[in-house]
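UniProt numbering numbers the first residue of the sequence shown as 1 and each following residue consecutively.
Report on the structure given below.
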Amino acid sequence: MGVGGYQTGMYDFVVVGAGPAGSRFARRAAADGADVLVFEQGRVGEPLACSGHVSTDIWDYTPHGAREDLLQNEVYGARFHTGGPDSDGYPFYKEEVVSNVIDRVGLDRTLAEAARDAGADLREEHTVVDVTEGRNAVRVRARGPNGTDTYEARMVAGADGPKSRVRSELALPDPEEMLHGVLGFTDDPDHDDFVDVHLTVPDFFAWRIPRGDAGVEYGLATPPGDDVRARFEEFTDDYGVETDRRCSGLIPIGPPPRVTGRRSFLLGDAAGQTKPFTGGGILYGMTAADHAAREIDPADPGTLGDYEDAWRADLRTEIRLGKLVRAGYSVPEPIQRAGMRALSGEIAVHMDRPTTLFSTEQLRKLLG
Numbered sequence: 001m002g003v004g005g006y007q008t009g010m011y012d013f014v015v016v017g018a019g020p021a022g023s024r025f026a027r028r029a030a031a032d033g034a035d036v037l038v039f040e041q042g043r044v045g046e047p048l049a050c051s052g053h054v055s056t057d058i059w060d061y062t063p064h065g066a067r068e069d070l071l072q073n074e075v076y077g078a079r080f081h082t083g084g085p086d087s088d089g090y091p092f093y094k095e096e097v098v099s100n101v102i103d104r105v106g107l108d109r110t111l112a113e114a115a116r117d118a119g120a121d122l123r124e125e126h127t128v129v130d131v132t133e134g135r136n137a138v139r140v141r142a143r144g145p146n147g148t149d150t151y152e153a154r155m156v157a158g159a160d161g162p163k164s165r166v167r168s169e170l171a172l173p174d175p176e177e178m179l180h181g182v183l184g185f186t187d188d189p190d191h192d193d194f195v196d197v198h199l200t201v202p203d204f205f206a207w208r209i210p211r212g213d214a215g216v217e218y219g220l221a222t223p224p225g226d227d228v229r230a231r232f233e234e235f236t237d238d239y240g241v242e243t244d245r246r247c248s249g250l251i252p253i254g255p256p257p258r259v260t261g262r263r264s265f266l267l268g269d270a271a272g273q274t275k276p277f278t279g280g281g282i283l284y285g286m287t288a289a290d291h292a293a294r295e296i297d298p299a300d301p302g303t304l305g306d307y308e309d310a311w312r313a314d315l316r317t318e319i320r321l322g323k324l325v326r327a328g329y330s331v332p333e334p335i336q337r338a339g340m341r342a343l344s345g346e347i348a349v350h351m352d353r354p355t356t357l358f359s360t361e362q363l364r365k366l367l368g
């Protein structure tokens with residue numbers, strides 16, 4: 001019961017944000033016996049601000065049967081272009097499925113429901129307006145349908161996206177860089193099993209993703225200051241399409257030097273736990289969430305350092321190599337074409353792990 005806007009009782013964790021990283025952590029922590037409260041600013045999964053193109057590893061993080069409900073298309077490779085839709089495409093592919101296209105809103109809702117099933121108290125339409133760290137607890141004020149209340153927890157997890165309120169309230173450092181991304185959709189079914197990548201925007205790329213019966217996704221991202229909307233219009237005009245259900249948002253690139261405070265920690269986009277070469281963060285965020293659930297004891301703030309060590313040890317090299325891959329997007333076009341001609345064909349690379357570029361299997365593919 002609340003007393004004068006103050007909710008009695010102490011939670012182990014308050015999680016701010018019910019995207020993939022926040023819901024994954026809530027599910028794991030609640031399943032381990034923690035008392036977990038989750039706030040989502042609006043409805044889970046809305047508004048859409050992220051692509052639904054993911055590696056097949058996604059199913060390791062979802063409940064049994066989710067694949068049948070969420071899968072929209074299977075992808076075997078990508079065609080890379082240095083120009084528009086009429087330019088030559090350099091194919092990179094596998095003989096087996098490389099990645100999946102999924103119902104992105106459905107994924108968030110599935111993961112949130114799994115957190116609820118594990119025992120987390122997940123409350124939608126609750127906006128966090130203030131976070132304060134104390135010596136023994138964190139106080140979180142949240143505004144919901146019935147007013148504003150204050151909640152206490154031993155720890156707070158900020159999984160609230162690129163413009164994290166938790167990060168700003170607690171003066172944690174920002175990610176290294178923010179890109180501005182735009183997505184748009186058409187409804188005509190497309191069952192092609194290749195995505196198209198266009199290296200035609202500054203410092204990043206544009207993409208076209210077939211979604212089976214669900215239609216096609218078009219998108220691009222650029223650094224702030226570039227006219228991303230005008231570039232998106234030009235890109236879709238080149239394809240001869242007019243998109244609807246358009247959405248946009250920030251994409252963090254490069255984690256900050258620390259993602260923990262006195263009794264706080266960041267997850268997912270709030271922590272810059274994304275792939276520098278694609279901007280995708282679903283798998284990296286949930287990987288970090290698993291490390292947080294394993295390492296952090298809400299009664300012992302010292303374990304926050306164990307979380308920092310664990311997730312960085314797992315993803316540091318992938319992120320560093322991902323930055324090198326991204327640098328290739330900005331080399332002169334003749335060098336891009338020469339490189340893609342030399343390297344295109346069958347590959348043995350995992351889309352979330354740049355280290356596989358140097359695997360024995362990949363070297364055999366190249367030499368073969």
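Glycine included, each C-beta is placed from N, C-alpha and C at the ideal position.
{"Asked": "Below 8 Å, how does it come out for the segment 294 to 301 and the segment 167 to 187: are there three or more Cβ pairs, yes or no?", "Found": "no"}
{"Asked": "Could you name each continuous alpha helix (DSSP H) segment of 4 residues or more that falls completely within the segment 39 to 124, going from the start of the chain to the end?", "Found": "66 to 70 and 104 to 118"}
{"Asked": "Following the continuous beta strand (DSSP E) through Val195, name the residue where it begins and the one where it ends.", "Found": "Phe194 to His198"}
{"Asked": "To the nearest angstrom, report how far apart Leu321 and Ile282 are at their CA atoms.", "Found": "18 Å"}
{"Asked": "Please return the same chain residues whose Cβ sits closer than 8 Å to the Cβ of Glu177, not counting the five positions on each side in sequence.", "Found": "Pro223, Pro252, Ile253 and Gly254"}
{"Asked": "Below 8 Å, can you find three or more Cβ-Cβ pairs linking the segment 232 to 246 to the segment 152 to 170?", "Found": "no"}
{"Asked": "With DSSP collapsed to three states, give me the class of residue 378.", "Found": "Beyond the ends of the chain as shown, which are 1 and 368, falls residue 378; an answer cannot be given."}
{"Asked": "What whole-angstrom Cβ distance do Ala289 and Leu315 have, given they're in contact under 8 Å?", "Found": "Contact flag wrong, Cβ pair sits at about 12 Å."}
{"Asked": "Could you say which of Pro332, Asp237, Leu122 and Gly65 lies nearest to Val15 if we only look at CA atoms?", "Found": "Leu122"}
{"Asked": "Asp290 lies in the alpha helix (DSSP H); which residues open and close that run?", "Found": "Ile282 to Glu295"}
{"Asked": "Let's test the definition: count the other Cβ atoms within 10 Å of the Cβ of Arg263 and tell me whether it reaches 16, buried, or not, exposed.", "Found": "buried"}
{"Asked": "Tell me whether the beta-carbon of Ala348 lies closer than 8 Å to the beta-carbon of Thr355.", "Found": "no"}
{"Asked": "Is the beta carbon of Val38 sitting closer than 8 Å to the one on Ala21?", "Found": "no"}
{"Asked": "Can you grab the Cα-Cα spacing for the pair Arg231 / Asp12, in whole Å?", "Found": "46 Å"}
{"Asked": "Taking buried to mean at least 16 other C-beta atoms within 10 Å of its own C-beta, is Met286 buried or exposed?", "Found": "buried"}
{"Asked": "Can you tell me whether DSSP reads Leu250 as helix, strand or coil?", "Found": "strand"}
{"Asked": "For Lys323, which residues from the same chain have a beta carbon less than 6 Å from its beta carbon, with the 5 sequence-adjacent residues on both sides left out?", "Found": "Pro276"}
{"Asked": "Please tell me whether Ala90 and Arg312 are closer than 8 Å, where the distance is taken between their beta carbons.", "Found": "One point to set straight first is that residue 90 is Tyr, not Ala, in the sequence displayed. Going by C-beta atoms, Tyr90 is not nearer than 8 Å to Arg312."}
{"Asked": "Less than 7 Å between C-beta atoms, sequence neighbours within five positions excluded: which residues of the same chain meet that for Glu318?", "Found": "Arg353, Pro354 and Thr355"}
{"Asked": "For Leu220, list the residues DSSP reports as bridge partners.", "Found": "Val182 and Ala206"}
{"Asked": "Look up Tyr151 in the DSSP assignment and give the residues it is bridged to.", "Found": "Val140"}
{"Asked": "For Ser248, which residues of its own chain have a beta-carbon under 6 Å away from its beta-carbon, when the five flanking residues on both sides are left out?", "Found": "Val182"}
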